[in-house]
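Participant: Our numbering puts the first residue of the sequence shown at 3, with every later residue one more than the last.
Don't be surprised by glycine CBs; every beta carbon is placed ideally from N, CA and C.
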Amino acid sequence: MSSVAIPTLYIPRDTTALSLGSDRVAESIQQLADEKKLPIHIVRNGSRGLYWLEPMIEIQTERGRVAYGPVTVDAVDDFIASECWLENENHPLYLLPARRCP
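Below, the structure is given as structure tokens:
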């Protein structure tokens with residue numbers, strides 16, 4: 003298990019991300035986490051301007067933030083089931099460490 007006690011997920015809420023479903027994704031993630039009694043912390047932030055990857059979620063890990071995207075409502079179940087906060091590089095939506103994003 004990661005030493006990050008409660009995973010922090012950064013989900014953008016700028017207008018473009020909202021138009022691409024980031025609110026619905028954030029709500030779906032929170033609802034599923036509540037159902038499964040998974041402690042998570044969602045922070046709504048701005049985006050990095052990589053709109054073709056929105057909604058892009060960044061997750062704080064032991065080694066810094068990692069990015070996944072585009073995470074749609076349809077992908078939320080798999081996203082949570084794969085415990086992406088453990089920096090699952092094999093997940094199909096895994097992009098790269100966020101520090102390497104432009």
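Please state the DSSP three-state secondary structure of residue 31.
Facilitator: Taking the sequence shown and counting its residues from 1, the one referred to as residue 31 is at position 29. DSSP places residue 31 in helix when its eight states are reduced to three.
Participant: How is residue 19 classed by DSSP in three states: helix, strand or coil?
Facilitator: One-based indexing of the sequence shown puts residue 19 at position 17. Looking at residue 19 - three-state DSSP - the assignment turns out to be helix.
Participant: How is residue 68 classed by DSSP in three states: helix, strand or coil?
Facilitator: Position 66 of the sequence shown, counting from 1, holds the residue named residue 68. In the structure shown, residue 68 sits in a strand (DSSP, three-state: E or B).
Participant: So what does DSSP say about residue 45, is it helix, strand or coil?
Facilitator: One-based indexing of the sequence shown puts residue 45 at position 43. In this structure, residue 45 counts as strand in the three-state DSSP scheme.
Participant: Suppose you measure from the CA of residue 29 to the CA of residue 60; what does that come to, to the nearest Å?
Facilitator: Along the sequence shown, read from residue 1 onward, the residue named residue 29 stands at position 27. Along the sequence shown, read from residue 1 onward, the residue named residue 60 stands at position 58. If I take the Cα positions, the gap works out to 16 Å.
Participant: Taking just the CA atoms, how far does residue 79 sit from residue 52?
Facilitator: Mapped onto the sequence shown, residue 52 falls at position 50. Mapped onto the sequence shown, residue 79 falls at position 77. Each residue's alpha carbon lies about 23 Å from the other.
Participant: For the segment 26 to 40 against the segment 61 to 70, are there 3 or more C-beta pairs whose distance is under 8 Å?
Facilitator: Segments in contact, no.
Participant: Tell me whether residue 8 is buried or exposed, calling it buried when 16 or more other Cβ atoms sit within 10 Å of its Cβ.
Facilitator: Taking the sequence shown and counting its residues from 1, the one referred to as residue 8 is at position 6. When all chains shown are included, residue 8 counts as exposed.
Participant: Is DSSP giving residue 59 helix, strand or coil here?
Facilitator: Taking the sequence shown and counting its residues from 1, one reaches residue 59 at position 57. It is a strand residue.
Participant: Classify residue 88 as helix, strand or coil using the three-state DSSP reduction.
Facilitator: In the sequence shown, counting from the first residue as 1, residue 88 sits at position 86. It is helical.
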